[in-house]
């Protein structure tokens, strides 16, 4: 029971004191038996006041502090730091919110606001009276990071982590690295190809002895928590031996009777069950797609490197942190959306990129030469009716860049851009400029009046009410219609489900705070990078990859983690293990243990968030929250119910 | 529903130097234009039509003629798309479209064709002089006759049908019903604009240019009258002789100033000279100068020994009357004033 509590009541300029009589609040609480001093201050967060608080705590030997000011979201940490600077345990500080919860909410009723403020401050005093000094929970951290996804973001993060001194496990589900970037050819702004970027990153990854790359690998089980994750990884074999003669390989591909749509080319071409996506792809070893392989054995007869005896392997990896860089899927238009799937010369932007890749001197599609290309923007992004309200960021720039490439590569191309406002932000504006100067035509409509694609005889017509031509109805005869599709989260999200990564409204992985904590998730120790978090271009993916790598590394670097001590605890005598707390916990923080012959629950304090969900479900009231125990709550409620 | 024709700008570029594709539709050009108003909004609309290649919309529009090219839009354009020169090119293109013979288009687009035509006519005149043994009185007699016949012929067979064609495109094709009385009521507009170019005063800081142009038009028309109907080269009337001197002198003085501006490119409107612009001002200058010199030679009794002076004047005159007047920039004199006339008529349409 504390006897020397200091209370500071903030004016917040006038934000509080215009509605709350702060002097009255001060007088009302100063008589409290625990309160040693009570002051009002113009700005509690000001440097001068912080210094005064430090002096008060030291000189007067205060044993608890309350500041009544704004929301704890804004300044709880500020005043905890004040307490620490004064040599007081920071958990002896309690924050009372009399701005958001009082002055702003009750600006119409000043006497009532003052009365409520007094009660809230009294409740805070009631809490601080029994506050315990707490020390952070310390856990050991394994100096290894699992990076999931070997696209540009994952490879960049892996290199960075390895250079910093961490052991890195780079886990890729596909048989080849590079992700989506390997599928693009020419890239905007640097004019390199996707393959070149991948080659450079792959070479660096391979140089590092601390990076271990797994392809055809998937995380199937996860246990533990920040600092100590245990991952079970399933590695699917390629069914190829490392020594593979290129001539025999080609024969094996030729004899393979299985043909499936080639996802690498967004299904515009077919591939065999034995495949590599392009000849110089990394790792430079083909793979057999066992899902589609019929085991006819034809390949084995012509290629000695084929090995059907390779088995699925399971590995157990121990890591301190997990970095997710699982990328995105391109939006797949619905059947009939702008004629997709119904009109034969309507394709998506990723398909178009692959078509351009395969056409050398003439742009051909379906056996016909393409001259007039209509691009329809924002397909699957900025939807009025659908769920994808977001802008996919990369598409305007990528598409305009491709349109310029096409115009320069082939003769007689005319580009028509049916857009909803071009967003070639930042440095990419130069591409918009170049495309206009090359004679590309931009037509614009609003979201409620999109362009329409129609078949008239053997012609494909795109119509628009063009806002740039005072809403005139205009039409273009298009040889090819390109739907500029945006980014959507990966359909296959087993890793996200396994790690319980929350998703945002856009269904991408969600960070804790968009601006302040952009690469961390609420699952401690798991960071996110690249387009798994939301639409990004390569540059932005790299930035987030480096940022996530640094964040993951900072967790494991010292080999030990200091975690918040305000977590749940089990009264070992009361607990009879019914499992209800385990069911209620969203973080899997409850373990079942044996103690003196009894089965009871134990809280893994490295995982527990202190959310309190387990408390009300416990039939024997064996759970309590450190720093916010039932007793504290009751004291606060009593204070709130007391008469002023 | 209008179909987009991306090839159009390539065609239009043969008529002038602009970069309509650079346009990003900000509309600054229309905002700064002092002649553009809500009903007749330009030049942005015409820039857009040109980019999209909406030929029939442009053909039926009078907007290009309502612009008097102060150049403010071009100097304000953030993309340097040069909308002022685009409007100028559209006027050239329209001149070619109105012309039933198709020769205007050919001469605008091909400098070689223009030079060939000029050389051919010069050769014909020299050949004719030789044929008449350079007998000055005979040549001057036919020269005078040529003037009378050339004016009648060009007007009847070329200019009149073209003006009717313009009427068909810009008035009839709009589909609006125009009461007959409107044609009479609007006549005043035609006369005022033909002789004063009043609308050009609406351009900012344009008073001096307008005054020069006004003097030039009046001098040109009166010199035409003085030579054709008052027979300046043969008259003995002191009044007519002096009148002719003043008129021809004014023509070459004003056109000299125009040529000077086009050379030093000190204003937006004189920056982008096409061959048709040079031919027009230079030939007008030479018309004034050679006519002045011929009369001077007559008065000093030098002409009989210097027939070449008259031959040169006749060459300039023939080229002017048979190329520049029917197919060249001279036509803007008619199309501009008729555009104002048709515009007034369209306003009266129900």
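Residue numbers (my numbering), protein chains in the order written: chain A, 1 to 644; chain B, 1 to 350.
Cβ coordinates follow ideal geometry from the N, Cα and C atoms, glycine included.
Beta-carbon gap between residue i and residue j smaller than 7 angstroms
i: residue 155 of chain A; j: residue 121 of chain A; result: no
i: residue 103 of chain A; j: residue 113 of chain A; result: yes
i: residue 500 of chain A; j: residue 489 of chain A; result: no
i: residue 432 of chain A; j: residue 399 of chain A; result: no
i: residue 178 of chain B; j: residue 349 of chain B; result: yes
i: residue 292 of chain B; j: residue 249 of chain B; result: yes
i: residue 532 of chain A; j: residue 326 of chain A; result: yes
i: residue 607 of chain A; j: residue 584 of chain A; result: no
i: residue 332 of chain A; j: residue 1 of chain B; result: no
i: residue 294 of chain A; j: residue 260 of chain A; result: no
i: residue 34 of chain A; j: residue 129 of chain A; result: yes
i: residue 415 of chain A; j: residue 464 of chain A; result: no
i: residue 352 of chain B; j: residue 32 of chain B; result: Residue 352 of chain B cannot be examined here, being either before or after the span of chain B that is shown, 1 to 350.
Selection from the options that minimises the alpha carbon distance to residue i
i: residue 65 of chain A; options: A:33, A:294, A:396, A:5; result: A:5
i: residue 427 of chain A; options: A:396, A:454, A:415; result: A:396
i: residue 18 of chain B; options: B:197, B:43, B:228, B:298; result: B:43
i: residue 540 of chain A; options: A:392, A:503, A:578; result: A:392
i: residue 126 of chain A; options: A:524, A:72, A:2; result: A:2
i: residue 199 of chain A; options: A:526, A:101, A:280; result: A:280
i: residue 152 of chain B; options: B:338, B:342, B:326, B:86; result: B:326
i: residue 43 of chain A; options: A:12, A:567, A:465; result: A:12
Any C-beta of chain A under 7 angstroms from that of residue i
i: residue 4 of chain B; result: yes
i: residue 122 of chain B; result: no
i: residue 21 of chain B; result: yes
i: residue 1 of chain B; result: yes
Beta-carbon neighbours of residue i, restricted to chain A and to distances below 8 angstroms
i: residue 51 of chain B; result: 441
i: residue 9 of chain B; result: 439
Chain B within 7 angstroms of residue i, Cβ atoms only
i: residue 476 of chain A; result: yes
i: residue 588 of chain A; result: no
i: residue 436 of chain A; result: yes
i: residue 473 of chain A; result: yes
Bounding residues of the alpha helix (DSSP H) (the contiguous stretch that carries residue i)
i: residue 204 of chain A; result: 194–207
i: residue 48 of chain B; result: 44–52
i: residue 26 of chain A; result: 22–30
i: residue 125 of chain A; result: 110–129
i: residue 429 of chain A; result: 429–437
i: residue 79 of chain A; result: 72–85
i: residue 417 of chain A; result: That residue, residue 417 of chain A, is in no alpha helix (DSSP H); its beta strand (DSSP E) goes 414–419.
Chain-ordered neighbours of residue i on chain B, where CB pairs are closer than 7 angstroms
i: residue 468 of chain A; result: 25, 48
Extent of the continuous beta strand (DSSP E) run through residue i
i: residue 74 of chain B; result: That residue, residue 74 of chain B, is in no beta strand (DSSP E); its alpha helix (DSSP H) goes 72–76.
i: residue 600 of chain A; result: 598–603
i: residue 239 of chain B; result: Run containing residue 239 of chain B: none in the beta strand (DSSP E); it sits in the alpha helix (DSSP H), 238–264.
i: residue 487 of chain A; result: 487–489
i: residue 460 of chain A; result: 459–466
i: residue 378 of chain A; result: 372–379
i: residue 560 of chain A; result: 560–563
i: residue 9 of chain A; result: 5–10
i: residue 89 of chain B; result: Run containing residue 89 of chain B: none in the beta strand (DSSP E); it sits in the alpha helix (DSSP H), 83–98.
i: residue 402 of chain A; result: Run containing residue 402 of chain A: none in the beta strand (DSSP E); it sits in the alpha helix (DSSP H), 395–409.
i: residue 324 of chain A; result: 321–324
Chain-ordered chain A contacts of residue i [CB-CB under 7 angstroms]
i: residue 37 of chain B; result: None at all; the shortest Cβ gap to chain A is about 15 angstroms.
Interface partners of residue i on chain B, CB under 9 angstroms
i: residue 416 of chain A; result: 4, 6
Contact test: residue i Cβ vs the ligand ZN heavy atom, cutoff 6 angstroms
i: residue 503 of chain A; result: Absence of the ligand ZN is noted for the structure shown, with no ligands found whatsoever.
Short CB-CB distance (under 7 angstroms) between residue i and chain C
i: residue 566 of chain A; result: Of the protein chains in this structure, namely A and B, none is chain C.
Contacts of residue i in chain A (Cβ-Cβ under 9 angstroms)
i: residue 30 of chain B; result: Neighbours of residue 30 of chain B on chain A: none; closest Cβ ~12 angstroms, over 9 angstroms.
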